[in-house]
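This report refers to the structure that appears directly beneath it.
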Amino acid sequence: MSFGSNPMNLKGFSRLTANLEKTQRKTSQKVARAGMSASLTPLTKAMRAAVNASPASKEVKRQARKLIGRSLKKSKGNYTGKAGFAVGKQSKKKSMTAHERFVYGQGGAGMAKGVGISASNIHWFVLGTDERQTKSGKATGMIKDLLKGVIPAATVSARGAMLEAARNKCDQVLARETAKLTK
Numbered sequence: 059m060s061f062g063s064n065p066m067n068l069k070g071f072s073r074l075t076a077n078l079e080k081t082q083r084k085t086s087q088k089v090a091r092a093g094m095s096a097s098l099t100p101l102t103k104a105m106r107a108a109v110n111a112s113p114a115s116k117e118v119k120r121q122a123r124k125l126i127g128r129s130l131k132k133s134k135g136n137y138t139g140k141a142g143f144a145v146g147k148q149s150k151k152k153s154m155t156a157h158e159r160f161v162y163g164q165g166g167a168g169m170a171k172g173v174g175i176s177a178s179n180i181h182w183f184v185l186g187t188d189e190r191q192t193k194s195g196k197a198t199g200m201i202k203d204l205l206k207g208v209i210p211a212a213t214v215s216a217r218g219a220m221l222e223a224a225r226n227k228c229d230q231v232l233a234r235e236t237a238k239l240t241k
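The opening residue of the sequence shown carries number 59 in the numbering used here; numbering runs sequentially from there.
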């Protein structure tokens, strides 16, 4: 039995090559996803710290910290990570309609005014609002941009930690996947 000097003459070589390419693709996707996900953790921590350093009241800070979330999505083979206010899966309380929050309240039943700070209106405190009024013309006031600049400041401060977390997680996943192949 002679194989010759050409590896293409080996029986099953094309199948072996196809399996290796498939394994490489799967492993690279696992590593990319794990790295992206790991990098979002230090970013959300930095966002919570930036909220704590903002000039907002205790109540606004507490609600804003609760609403900081993250999501990771795959589109056309690429992963996209996102972190910020009202990002990610909503809890049952966050996903309630304004009417449900009014009827059941966020701290007790039958709140008389407003619905509190939720995923639906956190942007008011981040971006601020102009002077507003009801349909009947009654002035309802304005909201200052109390949390303006929180996201950019957190992103800059967390950049190094994000890269380090991604690098460590990628190394860990790559080592685990390599160990699977050598068994």
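Beta carbons are placed, not taken as given, at the ideal position from N, Cα and C, and that holds for glycine. These numbers were taken from a predicted model, which means no experiment stands behind them.
Inset, instruction - Inspect the beta-carbon positions of residue 266 and residue 109 and report whether they are closer than 8 Å. - result: No answer is possible for residue 266: the residues shown for the chain start at 59 and end at 241.
Legend entry - For residue 110, three-class secondary structure by DSSP: To locate residue 110, count along the sequence shown from 1; it is residue 52. Reduced to three states, the DSSP call for residue 110 is helix.
Inset, instruction - Measure the alpha-carbon distance for residue 197 versus residue 203 and round it to whole angstroms. - result: Here residue 197 refers to the residue found at position 139 when the sequence shown is read from its first residue. Here residue 203 refers to the residue found at position 145 when the sequence shown is read from its first residue. For residue 197 and residue 203, the distance between alpha carbons rounds to 19 Å.
Inset, instruction - Specify the secondary structure class of residue 174 as computed by DSSP and reduced to three states. - result: As a working note, residue 174 is residue 116 in the sequence shown. In the three-state reduction of the DSSP assignment, residue 174 falls in the coil class.
Legend entry - Top-ranked residue by Cα proximity to residue 212, from 97, 71, 102 and 228: Translated into positions along the sequence shown, residue 212 becomes position 154. When only C-alpha atoms are compared, the closest one is 102.
Inset, instruction - Spell out the partners DSSP gives residue 136 in its beta bridges. - result: Position 78 of the sequence shown, counted from the first residue, corresponds to residue 136. According to DSSP, residue 136 bridges with 133.
Inset, instruction - Tell me whether the beta-carbon of residue 223 lies closer than 8 Å to the beta-carbon of residue 96. - result: On the sequence shown, position 165 is the one that residue 223 refers to. On the sequence shown, position 38 is the one that residue 96 refers to. Yes.
Inset, instruction - Pull up the distance between the alpha-carbon of residue 209 and that of residue 141, whole angstroms please. - result: For the purposes of this step, residue 209 is identified with residue 151 of the sequence shown, where counting begins at 1. For the purposes of this step, residue 141 is identified with residue 83 of the sequence shown, where counting begins at 1. Taking the straight line from one Cα to the other gives about 9 Å.
Inset, instruction - For residue 94, count neighbouring Cβ atoms within 10 angstroms of its own Cβ and tell me buried if that reaches 16, exposed if not. - result: For the purposes of this step, residue 94 is taken as the residue at position 36 of the sequence shown. Residue 94 is buried by the Cβ-count criterion.
Legend entry - Nearest candidate by alpha-carbon position, reference residue 146, set 187, 86, 130 and 87: As a first step, residue 146 is located in the sequence shown; it is residue number 88 there, counting from the start. Taking only the C-alpha atoms, the option nearest residue 146 is 130.
Inset, instruction - Determine the DSSP secondary structure at residue 187, reduced to helix, strand or coil. - result: To locate residue 187, count along the sequence shown from 1; it is residue 129. In this structure, residue 187 counts as coil in the three-state DSSP scheme.
Inset, instruction - Give a yes or no on whether the C-beta atoms belonging to residue 128 and residue 135 are separated by under 8 Å. - result: In the sequence shown, residue 128 corresponds to position 70, counting from 1. In the sequence shown, residue 135 corresponds to position 77, counting from 1. No, the pair does not count as a contact, with Cβ atoms beyond the cut-off.
Legend entry - Status (buried if at least 16 other CB within 10 Å, exposed otherwise) for residue 98: Here residue 98 corresponds to residue number 40 of the sequence shown, with the count starting at 1. That one is buried.
Legend entry - Closest Cα partner of residue 121 within the set 176, 86 and 87: For this step, residue 121 is matched to residue 63 along the sequence shown. Residue 176 is the option with its Cα nearest to residue 121.
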